[in-house]
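Structure record follows, encoded as structure tokens.
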DNA sequence: AGACGCATGTAAGGTGTTACATGATTCT
DNA sequence: AGAATCATGTAACACCTTACATGCGTCT
């Protein structure tokens, strides 16, 4: 049972899903591919943590809709109460930003543009998901046992994170375009964020 | 040349460092261990992208201080101008948050406490790094070619990110403690953030 | 006509983590 | 007395990504 296996159980604990669905949903905040998911689902089924129903479709490939079992829920319970590993973060863009001081303005501008465009695309994608979720549940997230509460919490944070990413790009551009040496102490990102309101 | 190899070159482009230093610095925003770094440094040296000087020490193990070569800088230049891969994110805590609606209040509270404590520890660590950086350079980050400009940009973002993480924990607790069904539409994380000021 | 979405799966190769290995000094 | 810091390195295993494989329907 690796982390992704628990992740699959976590998602299946709220609704029955196919491997394909799981891939799409997980990708909002957990980098993975279908090739990693399908073998793990087969393992979970062998261990009796999930069961599946084969749904025959026409025009589309048949699909397996997975559901969590009582065994699966019991394993989930143990996992959620045990210590949590640190997050794995590997953002190539950050490695590039680290060394930008050695490059010319044109190269830097191009990089910041690339980064901002990426954040903007993510914002559109995650805002859409959040809106869909809100309308599907009728915006009732008023208790910790509300339907899809966890999904709601995470989407709210991700949307906020990418918005801050966009502001960060703007802040960097502002710093780069300041040629005077005055106000050296004022270049604080959080002050910049507050000044926007 | 994988992403971490470029990362090592990126860090070495701003100052000479040992493998151990690189591990510590990278860990602020790139999950890795020394076991991954040392073999890559050896490869970079074979390819003539870096050179090292052996420094003999007493009381401590000898160390190899690596410097980037002109070849290395040329490779960096090509890399920074080429398309950037998507960030890899794998946060076990988010997988746990996803399924919290199925658990009792005590389990949820424990999990949110664990998460907030983690963010708080990170805040202390990264704030210290930022303060050290500021004092070492004399707070002069007024141009994009300023010394350690990239490092400054990233630390500013990370500090902001973890602060938002802490507020997110508080927001979740607030939602969980609301038992009434009133004001269902008001539970927006960004509105919550704005209300703090 | 070609790309994309739906939907599942395997194989190969690259990447990453954990454990093993050493050892003096400093902190708790 | 035991843990942490500094400092490097290897080996085994686990993990993850890319490519291969299939195939119909819809969109551009």
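Protein chains in written order, with the UniProt record's numbering: chain P, 1 to 197; chain Z, 1 to 197. The C-beta atom is built at its ideal place from N, Cα and C for all residues, glycine as well. It should be emphasised that the depicted structure is a prediction, and the values quoted were computed from it without experimental measurement.
Same chain only: Cβ atoms within 7 Å of residue i, ignoring 5 sequence neighbours per side
i                      : result
residue 73 of chain P  : 13
residue 54 of chain Z  : 62 and 64
residue 141 of chain P : 149 and 152
residue 173 of chain P : 112
residue 108 of chain P : 100 and 176
residue 189 of chain Z : 168 and 171
residue 133 of chain Z : 148, 151, 152 and 155
Residues that residue i bridges to, as DSSP identifies them
i                      : result
residue 50 of chain Z  : Z:68
residue 17 of chain Z  : Z:66
residue 118 of chain Z : DSSP, once it has assigned bridges, lists no residue as partnering residue 118 of chain Z.
residue 159 of chain P : Answer is none; residue 159 of chain P lacks a bridge partner.
residue 30 of chain P  : Z:90
residue 166 of chain P : Answer is none; residue 166 of chain P lacks a bridge partner.
residue 55 of chain P  : P:63
is_contact[residue i, chain P] using C-beta, thresh 8 Å
i                      : result
residue 81 of chain Z  : yes
residue 102 of chain Z : yes
residue 142 of chain Z : yes
residue 41 of chain Z  : no
residue 88 of chain Z  : yes
residue 151 of chain Z : yes
residue 119 of chain Z : no
residue 178 of chain Z : yes
residue 123 of chain Z : no
residue 21 of chain Z  : no
residue 7 of chain Z   : yes
residue 49 of chain Z  : no
residue 98 of chain Z  : yes
residue 94 of chain Z  : yes
Anticipated Cβ contact below 8 Å, residue i with residue j, distance rounded
i                      : j                      : result
residue 187 of chain P : residue 159 of chain P : That pair is no contact at about 26 Å.
residue 92 of chain P  : residue 85 of chain Z  : 5 Å
residue 154 of chain P : residue 119 of chain Z : That belief does not hold up - the Cβ atoms of residue 154 of chain P and residue 119 of chain Z are roughly 15 Å apart, past 8 Å.
residue 144 of chain Z : residue 166 of chain P : So it is not a contact: roughly 19 Å between Cβ atoms.
residue 176 of chain P : residue 115 of chain P : In fact, because the Cβ distance is near 13 Å, the residues do not count as touching under 8 Å.
residue 90 of chain Z  : residue 80 of chain P  : Their Cβ separation, rounded to whole angstroms, is 17 Å, which puts residue 90 of chain Z and residue 80 of chain P out of contact at 8 Å.
residue 195 of chain Z : residue 88 of chain P  : Not really, about 33 Å apart at Cβ, beyond 8 Å.
Same chain only: Cβ atoms within 6 Å of residue i, ignoring 5 sequence neighbours per side
i                      : result
residue 16 of chain Z  : 65 and 67
residue 37 of chain Z  : 19, 22 and 23
residue 162 of chain Z : 119, 122 and 123
Cutoff 8 Å; reference residue i; Cβ partners in own chain excluding five residues on either side
i                      : result
residue 11 of chain Z  : 17, 22, 25 and 26
residue 76 of chain Z  : 6, 9, 10, 13 and 68
residue 146 of chain Z : 137, 140 and 152
residue 45 of chain P  : 51, 52 and 66
residue 156 of chain Z : 130
residue 49 of chain P  : 9, 68, 69, 71, 72 and 75
residue 164 of chain P : 193
residue 34 of chain Z  : 19, 20 and 23
residue 40 of chain P  : 2, 4, 5 and 8
residue 29 of chain Z  : 154 and 158
residue 211 of chain Z : With chain Z covering 1 to 197 only, the question about residue 211 of chain Z has no answer from this structure.
Below-8 Å beta-carbon distance, residue i vs any chain Z residue
i                      : result
residue 198 of chain P : Nothing about residue 198 of chain P can be reported from this structure: the residues present for chain P run from 1 to 197 only.
residue 126 of chain P : no
residue 107 of chain P : yes
residue 76 of chain P  : yes
residue 15 of chain P  : no
residue 34 of chain P  : no
residue 84 of chain P  : yes
residue 44 of chain P  : no
residue 194 of chain P : yes
residue 11 of chain P  : yes
residue 129 of chain P : no
residue 164 of chain P : yes
residue 1 of chain P   : no
residue 91 of chain P  : yes
residue 133 of chain P : no
residue 136 of chain P : no
residue 175 of chain P : yes
residue 52 of chain P  : no
residue 145 of chain P : yes
residue 116 of chain P : no
residue 190 of chain P : yes
**Asked** If you scan the region 73-109 of chain Z from start to end, which runs of the alpha helix (DSSP H) of 4 or more residues do you find wholly inside it?
**Response** 92-98
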